[in-house]
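*Asks:* Mind looking over this structure? Questions follow.
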Amino acid sequence: MTPLPGGDAPDVHTSPMTTSAVPRLRPRRTRIAFACAAAVIAAGSIGACSSSDRKDASAGRESNAAAVGGQLNPASVDLIADRVEKDGLAMPNRRNVTSTECPKIGCSGKVASDTVSITKFPTTGKTEIYYSKTDPGTGFQIGNVVAGFASSLSDDQRQSYEGAITQASR
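The letter at position 57 of the sequence shown is residue 57 when you use UniProt numbering, and the numbering goes up by one with no holes.
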């Protein structure tokens with residue numbers, strides 16, 4: 001290559017065999033620096049996604065799942081059941097069955113009664129899997145909460161429970 005006046009190297013050089021201009025490659029250390037920067041950015045992006053999953057998993061089962069509008073639903077199943085009863089809807093023989101039922105189905109909380117059962121999951125994905133395996137005709141899903149209804153309830157009664165559970169899940 002022929003240096004330019006002032007001692008700078010040209011941006012292109014001509015091959016001794018041809019007269020066509022060939023662009024200069026970046027120095028090796030510049031290519032390595034770009035590759036390292038890209039690797040750091042990619043690792044940070046992947047790490048951010050996976051660390052939020054770990055954070056959700058360890059933050060406590062009752063506060064992890066999404067509810068209406070994509071917001072986290074902090075209400076426990078007992079609080080949801082309390083609000084249903086406060087709306088005047090019966091939950092006879094109500095009992096918290098979290099310790100016996102949740103290890104089997106992967107939920108984070110469950111209340112059962114003679115009329116309705118309310119089950120909460122740590123993620124909406126687990127909720128959807130559970131809901132799809134149960135009979136969707138006898139249940140209701142909102143966010144990370146699934147309600148199962150007794151077959152003795154009328155459609156109007158079911159709608160009342162669904163409305164109360166929806167309000168309690170906000």
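We put the CB at the ideal spot given by N, CA and C, even for glycine.
Under three-state DSSP, which class holds A75?
*Replies:* Looking up residue 75 in the sequence shown gives position 75. Three-state DSSP puts A75 in coil, outside helix and strand.
*Asks:* Between the Cα of L79 and those of S152, G137, T119, spot the shortest distance and give me the residue it belongs to.
*Replies:* Taking the first residue of the sequence shown as position 1, residue 79 is located at position 79. Minimum Cα distance to L79 is reached at T119.
*Asks:* Excluding sequence positions up to five away, which residues of its chain have a Cβ less than 8 Å from the Cβ of residue 242?
*Replies:* No information on residue 242 is available, as it lies outside the stretch 1 to 170 that the chain covers here.
*Asks:* Where do the ends of the alpha helix (DSSP H) carrying G163 lie?
*Replies:* Here residue 163 corresponds to residue number 163 of the sequence shown, with the count starting at 1. That run of the alpha helix (DSSP H) goes 155 to 168.
*Asks:* For a minimum of 3 consecutive residues, which ranges assigned as the beta strand (DSSP E) are wholly contained in the segment 97 to 156?
*Replies:* Correct list: 109 to 112, 116 to 120, 139 to 142, 145 to 149.
*Asks:* Going by C-alpha to C-alpha distance, which of Y131, A150, S113, G139 sits closest to P92?
*Replies:* The residue labelled residue 92 in the question sits at position 92 within the sequence shown. Of the listed residues, the one whose Cα sits closest to P92 is S113.
*Asks:* Specify the secondary structure class of A66 as computed by DSSP and reduced to three states.
*Replies:* For the purposes of this step, residue 66 is taken as the residue at position 66 of the sequence shown. Note that A66 scores a pLDDT of 40, beneath 50, so its modelled location is shaky; the value from the coordinates is reported in the next line. Strand at A66.
*Asks:* Whose C-beta lies closer than 6 Å to the C-beta of I145 among residues of the same chain, with five residues either side of it excluded?
*Replies:* By 1-based counting over the sequence shown, the position of residue 145 is 145. The amino acid at residue 145 is misidentified as Ile; the sequence shows Val. K120, S169.
*Asks:* Is it buried or exposed for T115, if we count other Cβ within 10 angstroms and need 16 for buried?
*Replies:* For the purposes of this step, residue 115 is taken as residue 115 along the sequence shown, with counting starting at 1. Its Cβ being crowded by 16 or more others within 10 Å, T115 is buried.
*Asks:* What does R95 pair with, by DSSP beta-bridge criteria?
*Replies:* For the purposes of this step, residue 95 is taken as the residue at position 95 of the sequence shown. Partner(s): A112.
*Asks:* Nearest to V97 by alpha carbon, out of L89, A90, G106?
*Replies:* For this step, residue 97 is matched to residue 97 along the sequence shown. If we check each option's Cα against that of V97, G106 comes out closest.
*Asks:* Can you look up F81 in the DSSP assignment and give me helix, strand or coil?
*Replies:* Mapped onto the sequence shown, residue 81 falls at position 81. Note that residue 81 corresponds to Ala in the displayed sequence, not to Phe. A81: helix per DSSP, three-state reduction.
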